[in-house]
Each structure stands twice: as C-alpha cells, then as structure tokens.
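In what follows, a single structure is set out as structure tokens and then discussed.
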Amino acid sequence: DTGVSQDPRHKITKRGQNVTFRCDPISEHNRLYWYRQTLGQGPEFLTYFQNEAQLEKSRLLSDRFSAERPKGSFSTLEIQRTEQGDSAMYLCASSLASDKYYGYTFGSGTRLTVV
Amino acid sequence: TQLLEQSPQFLSIQEGENLTVYCNSSSVFSSLQWYRQEPGEGPVLLVTVVTGGEVKKLKRLTFQFGDARKDSSLHITAAQPGDTGLYLCAVSDDMRFGAGTRLTVKP
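From first to last, the protein sequence lines are chains A and B.
For the first sequence, this note's numbering assigns the number 27 to the initial residue and increments by one for each residue that follows.
For the second sequence, this note's numbering assigns the number 592 to the initial residue and increments by one for each residue that follows.
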C-alpha cells in the first residue's frame with residue numbers, strides 16, 4: 027500500500043467553475059476525512075465517512091460542496107461555482123475506526139487556486 | 592467542540608538550541624496527537640499520547656501529556672535544520688487541529 031493518494035496535486039480554476047478532487051485512502055482504513063487548510067492555519071475539518079456513510083459535516087461545508095464515498099473506498103470532493111475564498115489546500119486522511127487511539131494518515135493534498 | 596491553542600505561533604532558533612511548544616485546552620481529551628507538516632505536504636503523525644502524565648520520546652523529541660489531560664508539550668533537544676516545519680496538535684475525539692507552531696531552525 028502506498029499510503030493515501032490525492033489527485034490532482036494542483037488545480038487552477040476560474041471563478042464560477044466546478045472542480046472535483048479524488049482521494050484514495052489506505053485500503054484497510056474504513057474512515058476517510060476531508061480537511062481544508064489555508065496559509066498559516068491548521069487543517070479545518072470538513073467531513074468524514076465511515077465506510078460509505080457520511081457521518082458528520084462541518085458548517086464550513088456550504089451547499090456548494092459535496093463529498094461522496096460510493097463504495098466505501100475512494101472519495102470525491104466537489105466544489106461547485108468556485109469562489110476565490112475556496113483557494114486552499116484540500117487534505118484527505120484515513121484511519122481505522124477500531125483503533126481507539128488512532129491518528130490519521132494524510133495524503134499530500136490538492137492545492138486549489140481560484141482566479 | 593474543544594478549542595486547541597498552540598503557542599508560540601512562530602519560533603525561529605539556531606541549530607543546537609532546545610525548544611518547547613505547547614498545546615492547551617480547557618477540555619479533557621481521551622487522547623492527543625502531534626503531527627509535523629512540511630510545506631506543500633500533508634501532516635505526518637509523530638505520536639499519540641493517551642494517559643495523563645504520559646511522556647513519550649522519539650529520538651530528540653519528547654512529548655508530554657498533562658496530568659489532567661487538558662494540555663500537552665513537545666520538547667526538542669539540540670534542534671537541527673531538518674526539524675523545520677509546522678507542528679500541529681490534534682484531538683481525534685472531534686477531529687480538530689490547533690493552528691500550529693511554525694518552527695524554523697537556522698544552520
């Protein structure tokens with residue numbers, strides 16, 4: 027297993043366009059998380075899945091954002107009608123729910139720039 | 592929701608110096624994680640602390656969990672330029688991260 031993979035690494039889009047990011051977690055991990063990180067800040071929680079069920083969503087996840095994990099494996103995060111304020115690093119992480127004191131394994135992130 | 596406060600926000604030191612960074616909250620945690628993040632990459636897990644008063648060592652890094660499990664510290668001995676990065680504390684209970692301490696170690 028090569029860890030958590032995110033694609034693309036970088037995305038530049040024009041304001042108003044839709045973008046979709048993909049995350050492939052560690053195969054045996056049943057939990058998958060999405061975070062957003064802006065310059066000088068720590069990661070901010072967006073949402074997480076256990077298997078295919080989306081269990082929690084942050085109020086940061088406006089109605090322009092949608093995340094899916096259709097088969098409990100990879101996940102996608104879509105942003106519709108992008109705004110300049112959406113520019114950030116989008117991080118995906120995975121973990122094993124049965125590990126009581128788990129930490130997360132993060133991917134390298136997708137850097138989104140909205141121009 | 593637990594607020595995690597990290598201090599200092601920035602720290603710039605010379606190679607060979609020692610340093611301590613802090614993570615504080617008014618809430619009690621069941622466990623706390625420390626991560627290190629380099630520019631353009633995701634955070635990498637360093638350690639998880641679980642028991643109040645617990646001390647864990649990772650080479651030159653010493654992590655301590657407060658007796659009341661509300662705070663934690665990370666001490667680095669004889670810092671090296673390779674220690675440069677953003678140090679983040681996190682609580683998996685509510686998936687929250689602190690804002691981090693950005694450490695620069697100058698050769």
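Glycine included, each C-beta is placed from N, C-alpha and C at the ideal position.
Owing to the predicted nature of the structure, the values given are computational and were not obtained by experimental measurement.
Check	Outcome
Interface residues of chain D facing Ser134/A [CB-CB closer than 8 Å]	This model lacks chain D altogether, as its protein chains are A and B.
Chain A contact for Ala565/B (CB, 8 Å cutoff)	It is not possible to answer for residue 565/B, since the shown part of chain B is limited to 592 through 698.
Among Gln597/B, Phe620/B, Ser621/B and Glu629/B, nearest to Pro672/B - alpha-carbon criterion	Glu629/B
Minimum C-alpha distance to Leu65/A - residue among Thr131/A, Asp112/A, Tyr130/A and Arg90/A	Asp112/A
CB contact below 8 Å: Phe71/A versus chain B	yes
C-beta contact flag for Arg41/A and Val141/A at 8 Å	yes
Segment contact flag, the segment 594 to 602 of chain B with the segment 646 to 654 of chain B, C-beta cutoff 8 Å, min 3 pairs	no
Member of Pro698/B, Asp674/B and Glu632/B whose CA lies at the smallest distance from the CA of Leu117/A	Glu632/B
Contact under 8 Å by Cβ, Ser664/B with Leu623/B	no
Residue burial classification, Leu679/B (beta-carbon count within 10 angstroms, cutoff 16)	buried
Sequence-distant residues of the same chain with beta carbon closer than 7 Å to Arg90/A, five excluded per side	Ile105, Gln106 and Arg107
Beta-carbon spacing of Ala114/A, Arg62/A below 8 Å	yes
Check whether Ala119/A and Leu103/A have beta carbons under 8 Å apart	no
Listed by chain order, chain B residues near Tyr116/A by CB distance under 7 Å	Result: empty, since nearest Cβ-Cβ is about 10 Å, beyond 7 Å.
Cα-Cα separation, Gly644/B to Lys661/B	11 Å
Bounding residues of the beta strand (DSSP E) (the contiguous stretch that carries Gly676/B)	Gly676 to Val682
Gln43/A, DSSP secondary structure in three states	coil
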